[in-house]
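**Q** In terms of our numbering, the sequence shown is residues 1259 to 1477. Don't be surprised by glycine CBs; every beta carbon is placed ideally from N, CA and C. Below you'll find the structure I mean.
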Amino acid sequence: MISKRLSMILSMVEPCEVLCDVGSDHGYLALAVLKKGLAKDVIATDLRHKPLQHTQKTFAQANVFEHISYFLSDGIHQVNTNPNTVVICGMGADLILKIIKQDIDRFKIMTQIITQANTRLPYLRKEMASLGFEMTEEKIVKDGFFYIAQSYHYIEKAIELKEEAINFGCLLSVEDDLVYEYLLSEKSTLEFILKNNPKSKKHLYLLSLLKTRLDERVN
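So this is what it looks like as structure tokens:
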């Protein structure tokens, strides 16, 4: 049984030939992708030996020895196959962007890139758009914390996002109880920020926008 976070990410994977899971940890996602037939082959990468060994153990325990490749790699830098889909989840936005930027030409030709940042999500959305990657889907799940994942593809031109899209992505347009709960928590965060910096135009605007959208949901 995989976690709610990984189940959400799995639900976003489009069928492909080769999927690469960057920073695969124990390999649960890569194994689930293979078992569900979402990819013909999967690649698991990690920067360190021990996590990669955990992944190999997971596949061995599942008696799966084919259609899986392991790479000790910084992102996809040392991977000698071009995957159609790459999953980069469970790390900070800065590291996700470093992985993408250092192999930007390879990422541009991919069918799907799935990200899930543990920090600086607005920064990730803004930078991905400026690099020419369009967000096609965004999902949220709560498993102790809120986890938000995005699906991207390259469209050959930079995208300038509005402040609301940078901070809330596609979630403002989603009618869902969990999204409502998340937006309430974001409202509390903005109110806390404004207590210390009451003249911040950016945060005043975002709070006003959020209050309007939350009121619309109630009414």
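Answer yes if the stretch 1382-1389 comes into contact with the stretch 1313-1323, meaning at least three C-beta pairs across the two stretches below 8 Å, and no otherwise.
**A** Cβ pair count under 8 Å is below three, so no.
**Q** Do you know whose CA, among Leu-1419, Glu-1421 and Asp-1363, lies nearest Val-1412's CA?
**A** Reading off the sequence, residue 1412 comes out as Tyr, not Val. Here the closest residue by C-alpha is Asp-1363.
**Q** Tell me, to the nearest whole angstrom, how far the beta carbon of Val-1271 is from that of Ile-1346; I am working on the premise that it is less than 8 Å.
**A** 13 Å between Cβ atoms; not a contact.
**Q** Do Ser-1327 and Ile-1301 have their beta-carbon atoms positioned less than 8 Å apart in this structure?
**A** Yes, they are a contact pair.
**Q** Pop quiz: His-1325 and Leu-1296 are said to be a contact at Cβ under 8 Å. What is the actual Cβ separation, rounded to whole angstroms?
**A** Not a contact, Cβ separation roughly 12 Å.
**Q** Ser-1409 and Gln-1370 look like a contact to me (Cβ under 8 Å); what is the Cβ gap, rounded to whole Å?
**A** Right, their Cβ atoms sit about 6 Å apart.
**Q** Tell me, which residues are paired with Lys-1400 by DSSP?
**A** Phe-1404, per the DSSP bridge assignment.
**Q** Alpha carbon to alpha carbon, what distance is there between Leu-1441 and Gly-1350?
**A** Their backbone Cα atoms lie some 21 Å apart in a straight line.
**Q** Let me check one thing: in DSSP terms, what residues is Ile-1358 bridge-paired to?
**A** Bridge partners of Ile-1358: none, in fact.
**Q** Between which two residues does the beta strand (DSSP E) carrying Val-1276 extend?
**A** Here the beta strand (DSSP E) through Val-1276 covers 1274-1280.
**Q** Which stretch, first to last residue, makes up the beta strand (DSSP E) that contains Lys-1298?
**A** Element bounds for Lys-1298: 1297-1304.
**Q** Closest to Gln-1314 by C-alpha separation, out of Leu-1289, Lys-1298, Lys-1445 and Val-1337, would be which residue?
**A** Nearest of Leu-1289, Lys-1298, Lys-1445 and Val-1337 to Gln-1314, Cα basis: Leu-1289.
**Q** Shortest alpha-carbon distance to Pro-1380 belongs to which of Lys-1420, Val-1399 and Leu-1277?
**A** Among Lys-1420, Val-1399 and Leu-1277, the Cα nearest to that of Pro-1380 is on Lys-1420.
**Q** Determine whether the beta carbon atoms of Ile-1334 and Asp-1361 lie at a separation below 8 Å.
**A** Against a cut-off of 8 Å, the Cβ pair of Asp-1361 and Ile-1334 comes out as a contact.
**Q** Give, in chain order, every unbroken run of the beta strand (DSSP E) that is at least 3 residues long and sits entirely within the stretch 1304-1344.
**A** The qualifying runs are 1326-1330.
**Q** Whose C-alpha, out of Asn-1338, Thr-1470, Glu-1392 and Asn-1454, is nearest the C-alpha of Ile-1417?
**A** For the residues Asn-1338, Thr-1470, Glu-1392 and Asn-1454, the minimum Cα distance to Ile-1417 belongs to Glu-1392.
**Q** In the DSSP assignment, find the alpha helix (DSSP H) that holds Thr-1373 and state where it starts and stops.
**A** Careful: Thr-1373 lies outside any alpha helix (DSSP H), inside the beta strand (DSSP E) at 1370-1375.
**Q** Would you decide whether Phe-1329 is buried or exposed? Buried here means 16 or more other CB atoms lie within 10 Å of its CB.
**A** Its Cβ being crowded by 16 or more others within 10 Å, Phe-1329 is buried.
**Q** Return the bridge partner residues of His-1411 from the DSSP annotation.
**A** Bridge partners of His-1411: Glu-1392.
**Q** Quick test of your reading: Gly-1390 and Lys-1415, contact by CB under 8 Å. State the CB separation rounded to the nearest angstrom.
**A** About 6 Å; that satisfies the 8 Å criterion.
**Q** Report the rounded CA-to-CA distance for Lys-1469 versus Lys-1445, giving the unit in angstroms.
**A** If you take the alpha carbons of Lys-1469 and Lys-1445, they lie about 8 Å apart.
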